[in-house]
Amino acid sequence: TQTDRPLLCSVCKEGTMKFWDITTSRRFKLVEELPKAHSESIYSVCSNKYMVFTASSDQTIGFWKLSVHD
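Okay, so the sequence shown: first residue is 1 according to the UniProt record's numbering, each after it adds one.
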């Protein structure tokens with residue numbers, strides 16, 4: 001599944017990854033959360049319309065299909 005909606009991806013040192021809808025006027029809307037995308041800090045994120053790729057200090061690379069629905 002692809003998304004044409006502009007999304008912001010945020011990551012944190014606990015390994016959580018969140019996707020935010022940035023088309024809203026004042027506040028971004030959380031549309032998806034992956035609480036344990038990695039077991040340690042995520043230090044790199046790359047994406048296209050179909051996938052998000054991450055690299056972590058837990059020595060793994062993750063990838064997810066974008067499937068955010070309206």
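Beta carbons: idealized from backbone N, C-alpha and C, even for Gly.
Beyond the five residues adjoining it in sequence on each side, cysteine 46 comes within less than 7 Å, by CB distance, of Phe53 in the same chain, given in chain order.
For serine 67 and lysine 29, the gap between their C-alpha atoms comes out near 16 Å. Where aspartate 21 is concerned, the enclosing beta strand (DSSP E) starts and stops at 17-21.
Taking 8 Å as the cut-off, the beta carbon of aspartate 21 is found no closer than this to the beta carbon of glutamate 40. Using a Cβ distance threshold of 8 Å, methionine 51 and alanine 37 do not count as a contacting pair.
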